[in-house]
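Asker:
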Amino acid sequence: MKIIGLMVIIVFFITSCEAIETIDNETNNSSQGRSDPDAANWNIAALDTAANVSYLTGIEKDVILEMNKVRTDPKKYAELYIQPRLKYYNGKNYSVPGQITILTQEGVTAVNDCITALSTASGVDILAPEKGLSLAAKDHVIDQSKTGQIGHNCNDGSTPETRMKRYGEFNGAWTWGENISYGEANGREIVCSLLIDDGVSSRGHRTNIMNKVFTQTGVAYGTHTQYRTSCTIDYAKGYVTNE
Numbered sequence: 083m084k085i086i087g088l089m090v091i092i093v094f095f096i097t098s099c100e101a102i103e104t105i106d107n108e109t110n111n112s113s114q115g116r117s118d119p120d121a122a123n124w125n126i127a128a129l130d131t132a133a134n135v136s137y138l139t140g141i142e143k144d145v146i147l148e149m150n151k152v153r154t155d156p157k158k159y160a161e162l163y164i165q166p167r168l169k170y171y172n173g174k175n176y177s178v179p180g181q182i183t184i185l186t187q188e189g190v191t192a193v194n195d196c197i198t199a200l201s202t203a204s205g206v207d208i209l210a211p212e213k214g215l216s217l218a219a220k221d222h223v224i225d226q227s228k229t230g231q232i233g234h235n236c237n238d239g240s241t242p243e244t245r246m247k248r249y250g251e252f253n254g255a256w257t258w259g260e261n262i263s264y265g266e267a268n269g270r271e272i273v274c275s276l277l278i279d280d281g282v283s284s285r286g287h288r289t290n291i292m293n294k295v296f297t298q299t300g301v302a303y304g305t306h307t308q309y310r311t312s313c314t315i316d317y318a319k320g321y322v323t324n325e
């Protein structure tokens, strides 16, 4: 039986402008040079499943690493990375020194909701990188870098499912999902923003990240004409990339 995955999207509204640094998607493609200041808190060797994958950039690998951290120990993740964000809120403005200010929809309400949810959640298995899913995600990122659009459908009308089927097939019972983040500059911020899920009543991004059914993921990160950057994350179970 086919199970259709949840598709959800997150958008940040930027309230101030600064010069935009160039996004380097060509460097840092190996585990060398990638370091985690909190490595003592995690079994990085086990969680960094994309460390030696050649088709992913450093940021894309970091997205997978961060998702695997929170999947295996959601309470610790909330304590280390979500709770400290509370001090940067002034009403609905999220202002980290030296960074642009983000106007959120819920302010600390969404952050506290995330902390509560992760603190009581059970850990789930880690995600493994799957090339076909990353290729499908990359198609979407490239398309939106040209059109400036948001959402899950490409300009040619393709959906996440049709893009995934360009590069592989589903074997037996399967499920899939997709998250999209706009405006973030590194893997941890991408994952934290999706977990907090500001303005999304269903908290569907968090649901996708913590979904125990998903075993595979593909990530693509690039530029966006309106929100500076975009990151598409595809999830699946039972997906096999075409050789």
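So the sequence shown is residues 83 to 325, counted in the numbering used here. Positions of the beta carbon are idealized from the N, C-alpha and C atoms, including for glycine. Note that this is a predicted model, so its numbers are computed, not measured.
Ignore the nearest five residues each way along the sequence and tell me which others in Q308's own chain have a CB closer than 6 Å to its CB.
Answerer: Working through the sequence shown from its first residue, we reach residue 308 at position 226. Contacts found: G230.
Asker: Note the first and the last residue of the continuous alpha helix (DSSP H) segment covering A219.
Answerer: If you number the sequence shown from 1, residue 219 lands on position 137. A219 -> alpha helix (DSSP H) spans K213 to T229.
Asker: Suppose contacts are defined by Cβ-Cβ distances below 8 Å. Is R270 in contact with D279 by that definition?
Answerer: As a working mapping, residue 270 is identified with position 188 in the sequence shown. As a working mapping, residue 279 is identified with position 197 in the sequence shown. Contact: no.
Asker: Are the beta-carbon atoms belonging to Y171 and V178 less than 8 Å from one another?
Answerer: The sequence position of residue 171 within the sequence shown is 89, counting from 1. The sequence position of residue 178 within the sequence shown is 96, counting from 1. Contact flag unset, no.
Asker: Counting Cβ pairs closer than 8 Å, one from the stretch 291–306 and one from the stretch 208–225, do we hit at least three?
Answerer: The answer is yes - the stretch 208–225 touches the stretch 291–306, with three or more Cβ pairs under 8 Å.
Asker: So within the stretch 236–273, which uninterrupted alpha helix (DSSP H) runs reach at least 4 residues, ignoring any that extend past its ends?
Answerer: Those alpha helix (DSSP H) runs which fall completely within the stretch 236–273 and span 4+ residues are 242–249.
Asker: Could you tell me the alpha carbon to alpha carbon distance between T289 and V273, rounded to whole angstroms?
Answerer: Sequence index remark: in the sequence shown, residue 289 carries index 207 (1-based). Sequence index remark: in the sequence shown, residue 273 carries index 191 (1-based). In a straight line, the C-alpha of T289 is about 12 Å away from that of V273.
Asker: Helix, strand or coil for A210, going by three-state DSSP, please let me know.
Answerer: Along the sequence shown, one-based indexing puts residue 210 at 128. Residue state, collapsed to three classes: strand.
Asker: So what's R153 in DSSP terms, helix, strand or just coil?
Answerer: As a first step, residue 153 is located in the sequence shown; it is residue number 71 there, counting from the start. Three-state result, R153: helix.
Asker: Would you mind giving the Cβ-Cβ distance between T323 and A219, rounded to the nearest angstrom? I have them listed as a contact below 8 Å.
Answerer: As a first step, residue 323 must be located in the sequence shown, where it is residue number 241. As a first step, residue 219 must be located in the sequence shown, where it is residue number 137. Contact flag wrong, Cβ pair sits at about 13 Å.
Asker: DSSP three-state call for T202: helix, strand or coil?
Answerer: Here the question's residue 202 lines up with position 120 in the sequence shown. Helix at T202.
Asker: Taking only three categories from DSSP, how would you classify Q308?
Answerer: Stepping through the sequence shown from its first residue, residue 308 is reached at position 226. Correct three-state label for Q308: coil.
Asker: For Y321, does the three-state DSSP call read helix, strand or coil?
Answerer: As a first step, residue 321 is located in the sequence shown; it is residue number 239 there, counting from the start. It is a strand residue.
Asker: Please name the residue, chosen from C196, N150, D144 and Q181, that lies closest to V282 on a Cα-to-Cα basis.
Answerer: As a working note, residue 282 is residue 200 in the sequence shown. For V282, the nearest C-alpha among the options comes from C196.
Asker: For N313, which residues does DSSP report across the bridge?
Answerer: The residue given as residue 313 occupies position 231 in the sequence shown. Reading off the sequence, residue 313 comes out as Cys, not Asn. S263 and Y303, per the DSSP bridge assignment.
Asker: Could you name the residues of the same chain whose beta carbon sits closer than 8 Å to that of E251, not counting the 5 residues immediately before and after it, in chain order?
Answerer: On the sequence shown, position 169 is the one that residue 251 refers to. Once the five neighbours on either side are set aside, the close Cβ partners of E251 are Y321, V322 and N324.
Asker: Since I164 is in the alpha helix (DSSP H), which residue starts that stretch and which ends it?
Answerer: One-based indexing of the sequence shown puts residue 164 at position 82. Per DSSP, I164 belongs to no alpha helix (DSSP H) and is neither H nor E.
Asker: I believe S312 touches Y264 by the beta-carbon criterion, under 8 Å. Please report the beta-carbon distance rounded to the nearest angstrom.
Answerer: For this step, residue 312 is matched to residue 230 along the sequence shown. For this step, residue 264 is matched to residue 182 along the sequence shown. Indeed, because the Cβ distance is near 5 Å, the residues count as touching under 8 Å.
Asker: Less than 8 Å between C-beta atoms, sequence neighbours within five positions excluded: which residues of the same chain meet that for G205?
Answerer: In the sequence shown, counting from the first residue as 1, residue 205 sits at position 123. Within the same chain, G205 has close Cβ partners R153, T154, D155 and P156.
Asker: Going by beta carbon distance, what residues of the same chain come within less than 8 Å of G173, once the five residues before and after it are set aside?
Answerer: Within the sequence shown, residue 173 is the residue found at index 91, counting from 1. Around G173: G189.
Asker: Which residues does DSSP list as the beta-bridge partners of K175?
Answerer: Your numbering for residue 175 matches position 93 in the sequence shown. Reading off the sequence shown, one finds Asn at residue 175, where the question assumed Lys. Partner(s): N172 and L185.
Asker: For the alpha helix (DSSP H) that N293 lies in, which residues bound it at each end?
Answerer: For this step, residue 293 is matched to residue 211 along the sequence shown. Neither: N293 is in no alpha helix (DSSP H) and is coded neither H nor E.
Asker: Thinking C-alpha only, which one of A302, S117, A199 and N194 is nearest P242?
Answerer: As a position in the sequence shown, residue 242 is number 160, starting the count at 1. Ranking the options by Cα distance to P242, first place goes to A302.
Asker: Quick one: measure Cβ to Cβ for D120 and L162, integer angstroms, because I've assumed they're closer than 8 Å.
Answerer: Working through the sequence shown from its first residue, we reach residue 120 at position 38. Working through the sequence shown from its first residue, we reach residue 162 at position 80. Their Cβ separation, rounded to whole angstroms, is 6 Å, which keeps D120 and L162 in contact under 8 Å.
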